[in-house]
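Have a look at the structure below, then the notes.
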Amino acid sequence: MNPPTAAATIRHNTDGWRCEGDWTLDGIETLDRSLQDMHWPVGELQLDGSGIQAIDTTGALQLLSFIAGLEQAGHPVQLTGLRTEHQALLDLVCERLATAGSVTAPPPTLNSLERLGRPVVFHAIRAIEFLAFIGEAAVALGRLALRPSRFRWRALLGNLEAAGVNALPIIALLSFMMGIVIAYQGGQQLKSYGANIFIVELVSLTMLRELAPLITAIIVAGRTGSAYTAQIGTMQITEEVDALRTIGIPPMDLLVLPKLLALAIVLPLLTVFADALSVFGGMVMAQTMLDVSAGDFLDRFPQVVTPISFLIGVGKAPVFAAIIALVGCYQGFQVRGGADSVGRQTTVSVVQSIFLVIAADALFSVILGGVGLWR
Amino acid sequence: MAVDTAETVIAVRELRTQFGATLIHDHLDLDIQRGEIVALVGGSGSGKTTLLRAIIMLLKPTAGSIRLFEQEIIGIGENAAFRLRRRFGMLFQQGALFSSLTVRENVAVPLREHTRLPLQQIAEIADLKIALAGLPADAGDKLPRQLSGGMLKRAALARALALDPALLFLDEPTAGLDPVSAGAFDELVVQLKQSLGLTVVMVTHDLDTLWSATDRVAFLGEQRVIGYAPMRELTQAEHPLIQAYFEGPRGRAARGQVCTVK
Chain A
3 MNPPTAAATI RHNTDGWRCE GDWTLDGIET LDRSLQDMHW PVGELQLDGS GIQAIDTTGA
63 LQLLSFIAGL EQAGHPVQLT GLRTEHQALL DLVCERLATA GSVTAPPPTL NSLERLGRPV
123 VFHAIRAIEF LAFIGEAAVA LGRLALRPSR FRWRALLGNL EAAGVNALPI IALLSFMMGI
183 VIAYQGGQQL KSYGANIFIV ELVSLTMLRE LAPLITAIIV AGRTGSAYTA QIGTMQITEE
243 VDALRTIGIP PMDLLVLPKL LALAIVLPLL TVFADALSVF GGMVMAQTML DVSAGDFLDR
303 FPQVVTPISF LIGVGKAPVF AAIIALVGCY QGFQVRGGAD SVGRQTTVSV VQSIFLVIAA
363 DALFSVILGG VGLWR
Chain B
141 MAVDTAETVI AVRELRTQFG ATLIHDHLDL DIQRGEIVAL VGGSGSGKTT LLRAIIMLLK
201 PTAGSIRLFE QEIIGIGENA AFRLRRRFGM LFQQGALFSS LTVRENVAVP LREHTRLPLQ
261 QIAEIADLKI ALAGLPADAG DKLPRQLSGG MLKRAALARA LALDPALLFL DEPTAGLDPV
321 SAGAFDELVV QLKQSLGLTV VMVTHDLDTL WSATDRVAFL GEQRVIGYAP MRELTQAEHP
381 LIQAYFEGPR GRAARGQVCT VK
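Protein chains in written order, with our numbering: chain A, 3 to 377; chain B, 141 to 402.
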């Protein structure tokens, strides 16, 4: 077991001042307070070190800075009687202390204009870099179109499974619940007008046009976009990305294009899946709350839902997919340094892709409304 | 050699480590005395790092006994393990410095965790450890990614020394360093051992380190320690694995250098 530690002290006895106890990390924790209450005589001070039981580098540092403090206050100190090995350690610490750094003053705080300007410039540069990245991806895609044999099918298939098949359960559950919620909230209003049957329009149009593509994209951004950033970011840190370049495999071809294409294929399919499950959720709710039977619901469904509504919803999905994949990959390549950077860029990736997906969705609404496709 | 009177810091008995069907150690015994620099060597996959990880409680062996400072660590309680961890430092192969913290903050982490010293004093202690590890004064404010390989190892050493441990573990301390840095690192370890009275256990493949820095070398093979002696004696051992390890062209070259220097 640990030997018991005797606290480091300095005592005054008939011969003078004497250091005692363990001048070690354990022993010095209580030292500071006791030294502050000490009254030192005027003039030179004889300090007897022979009572020191043990000393380590921390204790030596403490002893030296204590002596330095005394000398500054006008008490020259003579340290005597140290054991040879303690003296050797003290000398080593003294010598190394001469080269030691110290906490530098924190950099001056920026004035408010500079605090505003720096992030603006930073984000402007990032935005331009992102545009350049999109351009590079487009060029790589063009190269691929010329030589499709070089495409990495295996990577594509892996991504299809990870981003698509494995996401089915969570998408099923969430879109089913979304359908229930919309039907429940809207149904309350319809019921008070006796317009129960309009639940079909309400659920189908909301889901097919807006909510199913949006929910799916948000889930995929959280699930897959973050995974893309973390994977590429970690490869960036372990120099795997550089290794790919050295071997002659453009990281764009192996890491970005298969992900981009896989998501562009998978997200529309997931959206159709979410469409079906959310309408099913609405149908269940219509039957239990509004007495609209499944038969009535399915009869009315093709009458009120035009293929255009369905196609607009599914048509947004590839755009969302491109946003998620490109943001995810781009943020992955932005990782520098270590683990904390991976975490930071992954957060940025998810926030940015969800933001851009919703912004794109709003843009779609405006444009489609403008060309008269609002129904 | 005063082996009989010296205190045993680490005592491993009948150790058995198994991953699935792979047997790493079987009936492994090893004693390490206070104040010695001991190296663990052996071919790749002979379980050197695994043994080190078992001793520092990162890995639970299948069976056997490990006593650290005369305390059994197999089945040790959380609190006892915490107190014991304060008494040794570990230098990981890749440094394992926390990437979001500066070097000074990295060295301060164990101090803040294990002591109640004021932050100002912790910073001073950290600066001293950084200087003890042979880093220049401006290194404390740098982030790990701004350091070269050799400086990274030194910064990691400073963190391992933060609590003034009696026992220091080094995993491949000189791997990836240039010969000058590697030599300087060996010297530093020997100097620290002499002035701080450290016991050092290291895993290494560096033959120059083995010749110049170690007091004893434990050779791992056939799931146990097949040779444990000072380097000069160990290279004379008859065991074919040891022969093969030290009698390669590199092994002879490293020994030749030392012999001509001495």
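Idealized CB from N, CA, C, for every residue including glycine.
Continuous alpha helix (DSSP H) stretch holding residue i: start and end
i                     : result
residue 148 (chain B) : No alpha helix (DSSP H) holds residue 148 (chain B); the beta strand (DSSP E) holding it covers 148-159.
residue 125 (chain A) : 114-148
residue 198 (chain A) : Per DSSP, residue 198 (chain A) belongs to no alpha helix (DSSP H) and is neither H nor E.
residue 73 (chain A)  : 59-74
residue 267 (chain A) : 259-292
residue 334 (chain A) : 309-335
residue 254 (chain B) : 243-254
residue 97 (chain A)  : 86-99
residue 351 (chain A) : 341-372
residue 218 (chain B) : 218-225
residue 384 (chain B) : 380-386
residue 372 (chain B) : 371-374
residue 338 (chain A) : Element bounds for residue 338 (chain A): n/a, residue is neither H nor E.
residue 298 (chain A) : 296-306
Distance between residue j and residue i (C-alpha atoms, nearest Å)
i                     : j                     : result
residue 182 (chain B) : residue 274 (chain A) : 59 Å
residue 277 (chain B) : residue 58 (chain A)  : 21 Å
residue 141 (chain B) : residue 370 (chain B) : With a pLDDT of 37 at residue 141 (chain B), under the threshold of 50, the modelled position of that residue is not reliable, and no figure is offered here.
residue 145 (chain B) : residue 348 (chain B) : Residue confidence for residue 145 (chain B) is low, a pLDDT of 49 falling below 50, so the modelled location carries little weight; the figure read from the coordinates is stated next. Approximately 30 Å, taken between the alpha carbons.
residue 172 (chain B) : residue 208 (chain B) : 10 Å
residue 250 (chain B) : residue 231 (chain B) : 13 Å
residue 273 (chain B) : residue 230 (chain A) : 39 Å
residue 255 (chain B) : residue 256 (chain A) : 49 Å
residue 325 (chain A) : residue 191 (chain A) : 36 Å
residue 180 (chain B) : residue 329 (chain B) : 16 Å
residue 149 (chain B) : residue 170 (chain B) : 11 Å
residue 373 (chain B) : residue 340 (chain B) : 20 Å
residue 132 (chain A) : residue 181 (chain A) : 36 Å
residue 238 (chain B) : residue 284 (chain B) : 8 Å
residue 291 (chain A) : residue 185 (chain A) : 9 Å
residue 319 (chain A) : residue 219 (chain A) : 7 Å
residue 196 (chain B) : residue 206 (chain B) : 10 Å
residue 192 (chain B) : residue 303 (chain B) : 20 Å
residue 3 (chain A)   : residue 47 (chain A)  : Here the model assigns residue 3 (chain A) a pLDDT of 39, short of 50, so the residue's position is not dependable and the matter cannot be decided.
residue 30 (chain A)  : residue 194 (chain B) : 32 Å
residue 310 (chain B) : residue 185 (chain B) : 18 Å
residue 279 (chain A) : residue 268 (chain A) : 16 Å
residue 325 (chain B) : residue 226 (chain B) : 24 Å
residue 270 (chain B) : residue 380 (chain B) : 43 Å
Where residue i falls, given that 16 or more other Cβ within 10 Å makes a residue buried
i                     : result
residue 24 (chain A)  : buried
residue 222 (chain B) : exposed
residue 188 (chain A) : buried
residue 394 (chain B) : buried
residue 378 (chain A) : Look at the range of chain A in this structure, 3 to 377, and you will see that residue 378 (chain A) is not part of it.
residue 270 (chain A) : buried
residue 21 (chain A)  : buried
residue 351 (chain B) : buried
residue 165 (chain B) : buried
residue 64 (chain A)  : buried
residue 200 (chain B) : exposed
residue 267 (chain B) : buried
residue 294 (chain B) : buried
Beta strand (DSSP E) segment containing residue i, residue limits
i                     : result
residue 14 (chain A)  : 11-15
residue 162 (chain B) : 162-173
residue 178 (chain B) : 177-181
residue 82 (chain A)  : 79-82
residue 470 (chain B) : What is shown of chain B runs 141 to 402, which leaves residue 470 (chain B) out entirely.
residue 194 (chain B) : Element bounds for residue 194 (chain B): not the beta strand (DSSP E) but the alpha helix (DSSP H), 188-195.
residue 205 (chain B) : 203-208
residue 105 (chain A) : Note, residue 105 (chain A): premise wrong, no beta strand (DSSP E); not H, not E.
Interface positions of the region 215-227 of chain B facing chain A (Cβ-Cβ less than 8 Å), listed along the chain: 223, 227
Between the region 85-110 of chain A and chain B, which residues of the former have a C-beta closer than 7 Å to a C-beta of the latter? 90, 91, 94, 95, 98, 99, 101, 102, 103, 104, 105, 106
Please specify which runs of the alpha helix (DSSP H), each continuous and at least 4 residues long, are wholly inside the region 147-181 of chain A, giving them in chain order. 155-165
For a minimum of 4 consecutive residues, which ranges assigned as the alpha helix (DSSP H) are wholly contained in the region 267-353 of chain B? 289-300, 319-336, 347-353
Contact set between the region 327-348 of chain A and chain B, restricted to residues whose Cβ is under 8 Å from the partner: 338, 339, 340, 341, 342, 343
Could you run through the region 4-31 of chain A and flag, in chain order, every residue whose CB is less than 9 Å away from some CB of chain B? 4, 26, 27, 28, 30, 31
Just list the alpha helix (DSSP H) runs in the region 202-254 of chain A, keeping only unbroken ones of 4 residues or longer that don't cross its boundaries, in chain order. If one requires a minimum length of 4 residues, the alpha helix (DSSP H) runs lying completely within the region 202-254 of chain A are 214-222, 228-239, 242-249, in chain order.
Residues from the region 268-296 of chain B in contact with chain A, defined by Cβ distance under 8 Å: For the region 268-296 of chain B, which is checked against every Cβ of chain A, the residues closer than 8 Å are 268, 269, 270, 271, 272, 276, 277, 278, 279, 280, 281, 283, 284, 285.
Interface residues of the region 333-353 of chain B facing chain A [CB-CB below 9 Å]: The region 333-353 of chain B vs chain A, Cβ under 9 Å: 334, 335, 336, 337.
What residues from the region 355-377 of chain B come within 9 Å of chain A, judged by C-beta to C-beta, listed N to C? The region 355-377 of chain B vs chain A, Cβ under 9 Å: nothing.
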